[in-house]
Amino acid sequence: MQSKVFYLCLGGAFLLLALLNLFIFSPAAVAAGESKALLKDLDEKLSQGEGLRSRSDALIAQNKSTATDILAVMREDLPPDSGRYSWALSTLAEIALEADLDFSVSNHPHLRYIPVKTRKKLDVNSVPMWVSYAVDVELRVSFSELVKFLGRLHEAQPYCSIAALEMNALRSSPEKHHILITLEWPVLRFEEDFEHLQSMSVR
Amino acid sequence: MNLSQNFTESSGSLSLTTLKPNTLLKKTGYAGFVLLLVLLLLKYRHDLSLIQQGQEKQAAWEAMEQEAESLRELSKTQLRFSRGYDTLIGWKNSRYSWAGILLIIKDALPGEAQNIQLDRLRFDEEIVGLREKIPGERVTDFFPLRREVEISINGVIKTDRTQSRLLEFQRTLKQPQMGNVSVATVTLVHSGQLLNKDRQPTDLTRFSFLLNLAPHELKP
Numbered sequence: 001m002q003s004k005v006f007y008l009c010l011g012g013a014f015l016l017l018a019l020l021n022l023f024i025f026s027p028a029a030v031a032a033g034e035s036k037a038l039l040k041d042l043d044e045k046l047s048q049g050e051g052l053r054s055r056s057d058a059l060i061a062q063n064k065s066t067a068t069d070i071l072a073v074m075r076e077d078l079p080p081d082s083g084r085y086s087w088a089l090s091t092l093a094e095i096a097l098e099a100d101l102d103f104s105v106s107n108h109p110h111l112r113y114i115p116v117k118t119r120k121k122l123d124v125n126s127v128p129m130w131v132s133y134a135v136d137v138e139l140r141v142s143f144s145e146l147v148k149f150l151g152r153l154h155e156a157q158p159y160c161s162i163a164a165l166e167m168n169a170l171r172s173s174p175e176k177h178h179i180l181i182t183l184e185w186p187v188l189r190f191e192e193d194f195e196h197l198q199s200m201s202v203r
Numbered sequence: 204m205n206l207s208q209n210f211t212e213s214s215g216s217l218s219l220t221t222l223k224p225n226t227l228l229k230k231t232g233y234a235g236f237v238l239l240l241v242l243l244l245l246k247y248r249h250d251l252s253l254i255q256q257g258q259e260k261q262a263a264w265e266a267m268e269q270e271a272e273s274l275r276e277l278s279k280t281q282l283r284f285s286r287g288y289d290t291l292i293g294w295k296n297s298r299y300s301w302a303g304i305l306l307i308i309k310d311a312l313p314g315e316a317q318n319i320q321l322d323r324l325r326f327d328e329e330i331v332g333l334r335e336k337i338p339g340e341r342v343t344d345f346f347p348l349r350r351e352v353e354i355s356i357n358g359v360i361k362t363d364r365t366q367s368r369l370l371e372f373q374r375t376l377k378q379p380q381m382g383n384v385s386v387a388t389v390t391l392v393h394s395g396q397l398l399n400k401d402r403q404p405t406d407l408t409r410f411s412f413l414l415n416l417a418p419h420e421l422k423p
């Protein structure tokens, strides 16, 4: 009787083990096998990608530095996003006053760049970050006064280009000329570039 | 009647111990079971650890993929920023010094100052790649940026040696210039003697020149 109970218990225990193996241990072994293959594959990839974090940190630092430089130029020497005309007027007035010249300033009537017609599927890196903001300046000055004004402008406004100039002789006063100058400064093409620059500079 | 009884009858107490479950067999059975259980449990534990490692690496890989994506974005941003900054610096450095250019033109005028008068001087600089050159041109692919200038000069000169004076002006302007300015081409577009009210030729000649300055690269 005892032996029957013993063999029955032993058999039951082995049966239990077999069942455990069938439903728990074997699926785990299969999953572990897959995991092993995955580990082998991922270990290689992960070791290749280990430098990502340091590259990412380096890029963030680089972006921050470039964004700060660009924003510094924008703050110091370029027309602001709003109130460009009054900025240009006051900037030019300062220079003209130094040279004791009368002048008038107006916004240039046409765009001096190609606007982007659609942003759909546009790779922003295919277009320059900058477009031009242009104003027309009218002067009645002598040749030497004009040269002085242009020289002073070149020095005082390092990003201001003389985009166009028309000088006509004045019949009424031969010493003076009627001068129409178009000046242009670079300004950001897209508003999001400014937001991007600001967010990068404070990272 | 049965086998145990037969054995009992023939061989006594020795046969009785043989018939009971053997302690060694019992122990072996237990040991076998325990050993198998332990082995299976150890294997299971090892498998679980492998599965966990796999899950961890998978999570690390997914995080790395996200990081790679953000790195791609950062690289694009860096490209835009660095190109933008280069363009800005190029914008500054590629500017023509117009005060200097006007003086060069003035100094190149032939003959006495009182014998020559410029009626009109004009130019319209083009930043190629920023402004439309041909109507209907594609709106993208703006690079490279380059400043190009054509200056037109109209005037009147008082001389009896018109041709040589105008050639002298042309020659002087073509000479290597100061600073970052050089004149690429000088073309005499038109020259014609002015007539008086009796339609007789005078010593005054109206002329017009076109000057092309050497382009300045703004953003290579």
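In the order they appear, the protein sequences are chains D and F. The C-terminal position of the first sequence is numbered 203 in my numbering, with every residue numbered one higher than the one before it. The C-terminal position of the second sequence is numbered 423 in my numbering, with every residue numbered one higher than the one before it. Cβ coordinates follow ideal geometry from the N, Cα and C atoms, glycine included.
Task: Spatial distance of residue 180(D) from residue 142(D) (CA atoms) - done: 13 angstroms
Open item on the list: If you reduce the DSSP assignment to three classes, tell me which class residue 226(F) lands in.
Closed with: helix
TODO: Anything in the segment 359-371 of chain F with a Cβ closer than 9 angstroms to a Cβ of chain D? List those residues in chain order, please.
DONE: Legend: CB atoms of the segment 359-371 of chain F lying less than 9 angstroms from CB atoms of chain D are not found in any residue.
Task: CB contact check: residue 278(F) to chain D, cutoff 9 angstroms - done: yes
TODO: Give the straight-line distance between the Cα atoms of residue 125(D) and residue 188(D), rounded to the nearest whole angstrom.
DONE: Separation of residue 125(D) and residue 188(D) (C-alpha to C-alpha, rounded to the nearest whole angstrom) is 13 angstroms.
Open item on the list: Please tell me whether residue 412(F) has its Cβ less than 9 angstroms away from any Cβ of chain D.
Closed with: no
TODO: Go to residue 70(D), then tell me how far its beta strand (DSSP E) extends in each direction, as first and last residue.
DONE: Not the beta strand (DSSP E): residue 70(D) falls in the alpha helix (DSSP H), residues 52-77.
Task: Residue nearest to residue 45(D) in terms of C-alpha spacing, selected from 248(F), 229(F) and 265(F) - done: 265(F)
Task: Residue from 350(F), 364(F), 295(F) and 249(F) with nearest C-alpha to residue 28(D) - done: 249(F)
- [ ] Kindly indicate if chain B contains any beta-carbon less than 9 angstroms away from that of residue 176(D).
- [x] Of the chains in the structure shown, none is chain B; the protein chains are D and F.
Task: When 401(F), 385(F), 400(F) and 369(F) are compared against residue 392(F), the one with the closest alpha-carbon - done: 369(F)
- [ ] Counting only the same chain and skipping the five closest in sequence on each side, list residues whose C-beta sits under 8 angstroms from that of residue 267(F).
- [x] none
Task: Any chain F beta carbon closer than 9 angstroms to residue 194(D) - done: no
Task: In DSSP terms, what residue 404(F) is bridged to - done: DSSP lists 398(F) as partners of residue 404(F).
Task: Nonlocal neighbours in the same chain, by C-beta distance under 7 angstroms from residue 311(F), ignoring five residues either side - done: 372, 375 and 376
Open item on the list: Check whether chain D comes within 9 angstroms of residue 342(F), counting only Cβ atoms and requiring the distance to be less than that.
Closed with: Residue placement at residue 342(F) is flagged as unreliable, the pLDDT there being 47, under the threshold of 50; a coordinate-derived value is accordingly withheld.
Open item on the list: One question on the structure: do residue 136(D) and residue 109(D) come within less than 9 angstroms of each other, judged by their Cβ atoms?
Closed with: Going by C-beta atoms, residue 136(D) is nearer than 9 angstroms to residue 109(D).
TODO: Label residue 128(D) either buried or exposed according to how many other C-beta atoms from any shown protein chain fall within 10 Å of its C-beta, with 16 as the threshold for buried.
DONE: buried
Task: Simplified DSSP state of residue 360(F), which is helix, strand or coil - done: DSSP places residue 360(F) in the strand class (E or B) of the three-state scheme.
TODO: May I ask you to list the residues that DSSP assigns as paired with residue 411(F)?
DONE: 357(F) and 393(F)
- [ ] In angstroms with no decimal places, state the Cα-to-Cα distance between residue 98(D) and residue 416(F).
- [x] Cα to Cα, the separation comes out at about 30 angstroms.
Task: Cβ of residue 263(F) within 9 angstroms of any chain D Cβ - done: yes
Open item on the list: Can you look up residue 115(D) in the DSSP assignment and give me helix, strand or coil?
Closed with: coil
Task: Run of the beta strand (DSSP E) containing residue 41(D), from where it starts to where it stops - done: Here residue 41(D) belongs to no beta strand (DSSP E); instead the alpha helix (DSSP H) covers 26-48.
TODO: Using three-state DSSP, classify residue 134(D) as helix, strand or coil.
DONE: strand
Open item on the list: According to DSSP, is residue 161(D) part of a helix, a strand, or is it coil?
Closed with: strand
TODO: Apply the 10 Å Cβ neighbour rule to residue 79(D) and answer buried if 16 or more other Cβ atoms are within range, or exposed otherwise.
DONE: buried
- [ ] Consult DSSP for residue 335(F) and reduce its assignment to one of helix, strand or coil.
- [x] Caution is warranted here: a pLDDT of 47 is assigned to residue 335(F), below 50, making its placement in the model unreliable, and no coordinate value can be reported.
Task: residue 50(D) versus residue 270(F) - alpha carbon distance - done: Each residue's Cα considered, the two are about 11 angstroms apart.
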